[in-house]
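Some notes on the structure that comes next.
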Ligand SMILES: CC(C)(COP(=O)(O)OP(=O)(O)OC[C@H]1O[C@@H](n2cnc3c(N)ncnc32)[C@H](O)[C@@H]1OP(=O)(O)O)[C@@H](O)C(=O)NCCC(=O)NCCS
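Numbering (this note's numbering), first residue to last: 1027 to 1361.
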């Protein structure tokens, strides 16, 4: 334990005022994958809960998905986009190392006077970006921030490796956070364990990490069993720490939105937390693991299904490569 002030006194002057999402048209089903590698629908559904994923076109990249997600947000929650003063892109698959995806979003909507940057915390990226946005708003310097999680993981997936190609898909989800007198964020948590960095890695300039060779062509390589064990054994404690710091208990939560990596993993985490699995929200069935996009996609699916009600209390919890995890508990402020 450390002696920082109890984040039960967590500060927030931010609330969510809009959400939007976008997934590419093309579907890749389990049956389609069974034509490419030695696998089958029954195995994939039983071990992961994934039924299909969306795949970006050859000329469609993370910035295009991000722009469509923000367009959807602005259509459904009309606001003056010209006074957005920051855009944060959470992505591990930017079109380019630079310029950022965030700057493409800025350009697409003519947001003139804005801070724009990308943040990479892999599957913890969206929640890390929400935490950063809350801090920027709290600083007083920013009032209206778009956070967009966007991924085109299909472009770095090895479709000859059956243990990874069944997992990943493409998509984007965006939220608008605005300054509010009484912030709706109640607490946060983050912990990173770089020791496990080589368990799931992709891309980059180096050819090895801690003695583990990177996959050729920058494709995703992972030790699925180790990632699974790490997630199931550490996320429940992370959640408990976050809630304790916010003076909340698991019974105070209406919904739990973990990173959509694998449904079996989510079931195991819920069981260890003593939280009803039926109250978890995910996007893993229709979209697979979409890294930084999975949490906003899960939220927006729930919005469209009419599940989320204003005033409900929700815990978001991202986790993945790093190994990084980041959580945020908030009150739902959308009608
Ligand atoms: C990848 C994952 C689905 C594999 O499931 P698992 O139950 O751990 O399976 P294992 O790796 O133990 O493999 C069991 C067997 O299934 C086989 N297998 C692996 N992928 C398969 C597939 N797509 N179809 C059929 N069989 C497959 C393996 O070859 C192995 O066979 P063997 O026993 O003959 O060697 C699972 O480990 C996982 O989801 N891990 C987390 C990964 C993750 O979330 N990564 C992103 C981080 S956010």
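Every residue, glycine too, gets a C-beta built ideally from N, C-alpha and C.
A quick note: this is a predicted structure, and the numbers were derived from the prediction, not measured.
Asked                                                                                                                                                                          : Found
How long is the line joining the alpha carbons of residue 1048 and residue 1329, rounded to whole angstroms?                                                                   : 14 angstroms
Going by the CB atoms, is the gap between residue 1196 and residue 1081 shorter than 7 angstroms?                                                                              : yes
Tell me the DSSP secondary structure of residue 1317 in three-state form.                                                                                                      : helix
Indicate whether residue 1178 and residue 1088 have their beta-carbon atoms separated by less than 7 angstroms.                                                                : yes
Buried or exposed for residue 1155, please, with buried defined as at least 16 other CB atoms from any protein chain shown within 10 angstroms of its CB.                      : buried
Would you mind working out which of 1192, 1171, 1331, 1146 sits nearest residue 1346, comparing C-alpha positions?                                                             : 1146
Please identify the residue among 1255, 1220, 1360 whose C-alpha is closest to the C-alpha of residue 1350.                                                                    : 1220
What first and last residue would you give for the alpha helix (DSSP H) that runs through residue 1058?                                                                        : 1056-1060
Could you give the C-beta distance for residue 1276 and residue 1307, rounded to a whole number, given that I count them as a contact under 8 angstroms?                       : In fact, because the Cβ distance is near 16 angstroms, the residues do not count as touching under 8 angstroms.
Here's a check: name, in chain order, each residue in its chain whose Cβ is nearer than 8 angstroms to the Cβ of residue 1266, leaving out the five neighbours to either side. : 1276, 1299
Does the distance from the CB of residue 1039 to the CB of residue 1163 come in under 7 angstroms?                                                                             : yes
With a threshold of 8 angstroms, are at least 3 pairs of Cβ atoms found where one atom belongs to the region 1096-1115 and the other to the region 1194-1210?                  : yes
Is residue 1166 helix, strand or coil when you go by DSSP?                                                                                                                     : coil
DSSP on residue 1034, reduced to helix/strand/coil?                                                                                                                            : In this prediction, residue 1034 scores a pLDDT of 41, lower than 50, which makes its location untrustworthy; the coordinate-derived value is nonetheless stated afterwards. The answer is helix: DSSP assigns residue 1034 an H, G or I state.
If you draw a straight line from the C-alpha of residue 1326 to the C-alpha of residue 1045, how long is it?                                                                   : 7 angstroms
When the Cα atoms are used, what is the spatial distance from residue 1072 to residue 1274?                                                                                    : 34 angstroms
If distances are taken between C-alpha atoms only, which option among 1352, 1099, 1238, 1143 comes closest to residue 1125?                                                    : 1143
In this structure, does DSSP put residue 1115 in helix, strand or coil?                                                                                                        : strand
In angstroms, rounded to a whole number, what distance separates the CA positions of residue 1070 and residue 1173?                                                            : 31 angstroms
Specify, as a first and last residue, the run of the alpha helix (DSSP H) that residue 1254 falls within.                                                                      : 1250-1271
Which residue marks the beginning of the alpha helix (DSSP H) containing residue 1069, and which one marks its end?                                                            : 1067-1074
Assuming residue 1063 is part of the alpha helix (DSSP H), what are its boundary residues?                                                                                     : Note, residue 1063: premise wrong, no alpha helix (DSSP H); not H, not E.
By a C-beta neighbour count over all protein chains shown, 10 Å radius and 16 as the cutoff for buried, is residue 1120 buried or exposed?                                     : buried
Out of 1230, 1157, 1281, 1054, point me to the one whose CA is closest to residue 1118's CA.                                                                                   : 1230
CB of residue 1296 to nearest heavy atom of ligand 1: below 6 angstroms?                                                                                                       : no
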